[in-house]
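Numbering (the numbering used here), first residue to last: 274 to 550.
Every residue, glycine too, gets a C-beta built ideally from N, C-alpha and C.
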Ligand code: NCC
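Encoded structure:
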């Protein structure tokens, strides 16, 4: 009885964070020339026809997974930062609908955000946390990495692109959802990783999300990324981002069986019914 009263689905907490992209009409951007850079399009085309989505973490244990075909069978495929598909198609597939990129990737010259082909012809959702209680005006001058300059260059170069900025307030609301889920265990006041932000951005648009190799499977191999040889377990278990809390919360939302999660590396998360939340 008391258990039932206390239980509130984590998927509802994630939905309520309302992770979203900034729109032209959002103050203060409605009064700033910068806001006119935001695309008028919606984040996704034909939202009603979206049935299944895949989120591909960049985890090292995707190497050898042979999940490429499964990943590509989804209506929408989300990837992160500069994670490549070329040369890794058998394991991670080749379809990319949207890339969630952090502000380091937008900013640092090595990634060449404004020109590199990997960031072209896909939807982009770029994020930077700014300060915890900062206003959007503050954010424009105090982002962790100045993503605005390259965002502007990119948008001017490709005016038809679907490249959006994620509302930093919604990133911190997501952090609050994580803290609520974690209960009395305090989590670090650092923003969630791109993977968890991506999940929260996608879930409202997608009835079913398969999140690949986010909760580590038995393929766990100590590598940071499937596309590099670097060994670093911190990438999987967390150091700066509240990654352990993110992954526990994602596992709490999972509806797939243990075989799927721990052998194949596939979490399945359903969008909660509005009546449930
Ligand atoms: O590594 P990253 O993350 O790009 O990974 C994308 C998403 O996959 C999850 N992941 C990754 C490796 C792994 N072994 N297990 C995982 O579950 C990550 O948690 C993340 O959700 C990021 O979130 O944006 C992040 O970006 C990198 C880095 O900036 C970019 O890759 C560009 O090089 C950050 N690393 C560093 O700053 C050194 C990482 O902390 C977060």
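In this model, residue 384 and residue 378 are separated by some 6 angstroms (Cα to Cα). Per DSSP, the continuous alpha helix (DSSP H) segment holding residue 522 begins and ends at 516-526.
Rounded to the nearest angstrom, the gap between the Cα atoms of residue 432 and residue 536 is 43 angstroms. If only uninterrupted beta strand (DSSP E) runs of at least 3 residues are considered, those enclosed by the segment 312-379 are 326-329, 349-353, 371-375. With 16 or more other CB atoms across the displayed protein chains lying within 10 angstroms of its CB, residue 451 is buried. If you check the CB distance, residue 295 and residue 317 do not come in under 9 angstroms. Burial is judged here by how many other beta carbons sit within 10 angstroms of a residue's own beta carbon; residue 550 has fewer than 16 and is exposed.
Around the beta carbon of residue 515, 16 or more other beta carbons sit within 10 angstroms, so the residue counts as buried. In the structure shown, the three-state DSSP call for residue 462 is coil. In the three-state reduction of the DSSP assignment, residue 482 falls in the strand class. Excluding sequence positions up to five before and after residue 320, its CB lies within less than 7 angstroms of the CB of 478, all in the same chain and listed in chain order.
Secondary structure remark: continuous beta strand (DSSP E) runs of at least 3 residues inside the segment 409-446, in chain order: 436-438.
Note that the C-beta distance between residue 447 and residue 469 is below 9 angstroms. Taking C-alpha positions only, residue 380 is separated from residue 528 by approximately 37 angstroms.
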